[in-house]
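Worksheet: the structure to be examined is printed underneath.
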Amino acid sequence: MKFGKSVCIINVGGTKYAFPKDVIKDFPLRRVSRLHSCASEREVLEVCDDYDRERNEFFFDRHSEAFGFIMLYVKYGKLRFVPHMCELSFYNEMIYWGLESSHLEFCCQRRLDDRMSDSYTHFTEEHHETVKEIGTDESNGKRDSQWLERMRRTFEEPTSSLAAQILASVSVIFVIVSMVILCASTLPDWKTAESNIVEEHRYTDSLEHPSGIIEAVCIGWFTAECIVRFIVSRDKCEFVRRPLNIIDLLAITPYYISVTMTVLTGENSQLQRAGVTLRVLRMMRIFWVIKLARHFLGLQTLGLTLRRCYREMVMLLVFICVAMAIFGALAQLLEHGLDLESGNEEYASIPAACWWVIISMTTVGYGDMYPITVPGRVLGGLCVVSGIVLLALPITKMYYKVSGVTGKLTGTTAASAYSPQGLKATVPSQAPPMIFAVPTKFVSRDRLSGTLHGNQQSS
Numbered sequence: 000m001k002f003g004k005s006v007c008i009i010n011v012g013g014t015k016y017a018f019p020k021d022v023i024k025d026f027p028l029r030r031v032s033r034l035h036s037c038a039s040e041r042e043v044l045e046v047c048d049d050y051d052r053e054r055n056e057f058f059f060d061r062h063s064e065a066f067g068f069i070m071l072y073v074k075y076g077k078l079r080f081v082p083h084m085c086e087l088s089f090y091n092e093m094i095y096w097g098l099e100s101s102h103l104e105f106c107c108q109r110r111l112d113d114r115m116s117d118s119y120t121h122f123t124e125e126h127h128e129t130v131k132e133i134g135t136d137e138s139n140g141k142r143d144s145q146w147l148e149r150m151r152r153t154f155e156e157p158t159s160s161l162a163a164q165i166l167a168s169v170s171v172i173f174v175i176v177s178m179v180i181l182c183a184s185t186l187p188d189w190k191t192a193e194s195n196i197v198e199e200h201r202y203t204d205s206l207e208h209p210s211g212i213i214e215a216v217c218i219g220w221f222t223a224e225c226i227v228r229f230i231v232s233r234d235k236c237e238f239v240r241r242p243l244n245i246i247d248l249l250a251i252t253p254y255y256i257s258v259t260m261t262v263l264t265g266e267n268s269q270l271q272r273a274g275v276t277l278r279v280l281r282m283m284r285i286f287w288v289i290k291l292a293r294h295f296l297g298l299q300t301l302g303l304t305l306r307r308c309y310r311e312m313v314m315l316l317v318f319i320c321v322a323m324a325i326f327g328a329l330a331q332l333l334e335h336g337l338d339l340e341s342g343n344e345e346y347a348s349i350p351a352a353c354w355w356v357i358i359s360m361t362t363v364g365y366g367d368m369y370p371i372t373v374p375g376r377v378l379g380g381l382c383v384v385s386g387i388v389l390l391a392l393p394i395t396k397m398y399y400k401v402s403g404v405t406g407k408l409t410g411t412t413a414a415s416a417y418s419p420q421g422l423k424a425t426v427p428s429q430a431p432p433m434i435f436a437v438p439t440k441f442v443s444r445d446r447l448s449g450t451l452h453g454n455q456q457s458s
């Protein structure tokens with residue numbers, strides 16, 4: 000399009016930006032750059048909402064603050080969410096202007112992914128523009144899909160409704176009851192009361208006893224809950240890959256495997272060989288405790304922190320292993336190796352000395368073994384001091400990651416100084432045009448003559 004003036008004015012929700020017409024052609028935002036290829040005013044109106052030929056002003060009825068953050072991306076090359084604005088709404092603005100989620104900073108990409116997995120919103124196409132839809136298609140507006148979505152939120156989001164809170168409370172009660180039964184079954188008095196029941200028949204004969212009935216009811220509840228959550232999930236493959244769902248499967252499956260093995264083996268000799276396997280599978284029910292992470296923020300924080308701090312954890316383990324090898328070898332030498340006849344027998348081998356190193360570095364100090372020679376005691380002091388120093392190294396970094404995880408889970412993200420107000424403060428309403436530096440990854444420096452000029456005014 001042949002612009003009447005050398006300066007084009009972009010009006011976004013009342014906020015105006017002035018650019019040289021040569022810059023419009025290679026503007027980093029695809030929707031703005033399309034204005035240069037428009038051959039008529041009708042084509043211009045397909046790109047923007049209104050056009051003033053006299054002032055050469057293009058009006059876009061969009062969120063002005065979101066566009067301010069997008070302009071900061073044009074200037075600095077970093078795109079972050081607008082504080083106190085819905086992530087999906089900002090993503091809708093990004094799509095409108097021709098940006099994608101990959102342009103966001105990594106921390107904001109995670110926030111967007113989490114929000115998109117919890118909510119689904121429809122973004123409609125505008126005049127065959129490339130617009131991505133979030134969530135499901137129009138069929139989800141039907142009654143059946145709405146019912147499935149309501150069920151999904153009830154099972155997946157414990158705080159979404161009163162029914163979800165009641166369901167979460169019942170699930171927590173079943174977990175606690177199951178753990179109490181599991182722990183009580185190992186007590187000597189409990190075993191004495193059931194001494195007439197053969198250990199290998201626990202899963203079949205014990206149904207006649209209250210503990211067996213309670214166990215079967217708990218398993219039935221967890222099984223039904225897992226099946227319903229799988230049915231109402233949007234992505235079945237993603238559901239299977241989630242860690243908490245894998246834990247649910249590991250906690251439920253051993254019960255049915257044990258019952259099947261008991262029924263198939265009967266009373267023959269194979270049952271005796273399978274007894275240990277049955278007890279191991281039964282003890283895997285302890286994984287049900289991790290199911291509480293679905294309902295408690297603290298356990299979720301712990302899990303995400305371990306995922307994000309795996310580098311620090313690996314580094315800490317390497318430090319401990321190196322120190323354990325060094326101090327273990329020295330302790331074995333000083334306490335036993337120099338005098339084989341009268342040496343300390345508790346340090347007869349390096350593996351035994353490594354046990355002493357671990358409890359010393361972690362400042363546990365069971366007292367089951369300790370050095371008796373002067374060099375050994377000096378070495379023990381160095382071992383304790385080095386353990387304190389090594390364990391304290393990654394604590395600071397892990398603390399900040401815990402704080403970030405907690406803020407992410409609670410949905411409270413602090414607003415940083417990165418805001419459009421910082422840009423407005425440097426550009427008075429009557430100030431001369433401001434020069435915006437354009438990242439070279441968008442357009443060539445030659446085509447933009449090295450600069451991108453803009454002037455921001457409040458209408």
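Counting in numbering that gives the first Met the number 0, the sequence shown runs from 0 upward without gaps. All C-beta atoms in this analysis are idealised placements derived from N, C-alpha and C, irrespective of residue type, glycine included.
The residue from R114, C182, A183 with its alpha-carbon nearest to that of E156 is R114.
Our two residues, V363 and Y346, have alpha carbons roughly 18 Å apart in a direct line.
Measuring C-alpha to C-alpha distances from F173 to each of F221, V231, R151 identifies F221 as the nearest.
Segment contact: the region 311-330 against the region 349-363, three or more CB-CB distances shorter than 8 Å; contact assigned.
Collapsing the DSSP output to three states places Y365 in coil. With three or more CB-CB distances shorter than 8 Å, the region 353-369 counts as touching the region 310-326. Rounded to the nearest angstrom, the gap between the Cα atoms of E56 and V22 is 15 Å. A distance below 7 Å between beta-carbons, with the five flanking residues on each side excluded, links K396 to the following residues of its chain, in chain order: E311. Between the region 88-100 and the region 51-68, the count of Cβ pairs shorter than 8 Å is three or higher; the stretches touch. Burial is judged here by how many other beta carbons sit within 10 angstroms of a residue's own beta carbon; V384 has fewer than 16 and is exposed. A distance below 6 Å between beta-carbons, with the five flanking residues on each side excluded, links K24 to the following residues of its chain, in chain order: H35.
One Cα belongs to A292, the other to A215, and the distance between them is close to 23 Å. F295 has its alpha-carbon roughly 16 Å from the corresponding atom of L305.
In terms of CA proximity to L381, A322 leads the group I371, L332, I394, A322. Pairing E148 with V231, the inter-Cα distance amounts to about 7 Å.
Measuring C-alpha to C-alpha distances from G379 to each of Y398, I394, W354 identifies W354 as the nearest. S39 is classed as exposed because its beta carbon has fewer than 16 other beta carbons within 10 Å across all chains shown. The beta carbons of L333 and P393 sit no closer together than 8 Å.
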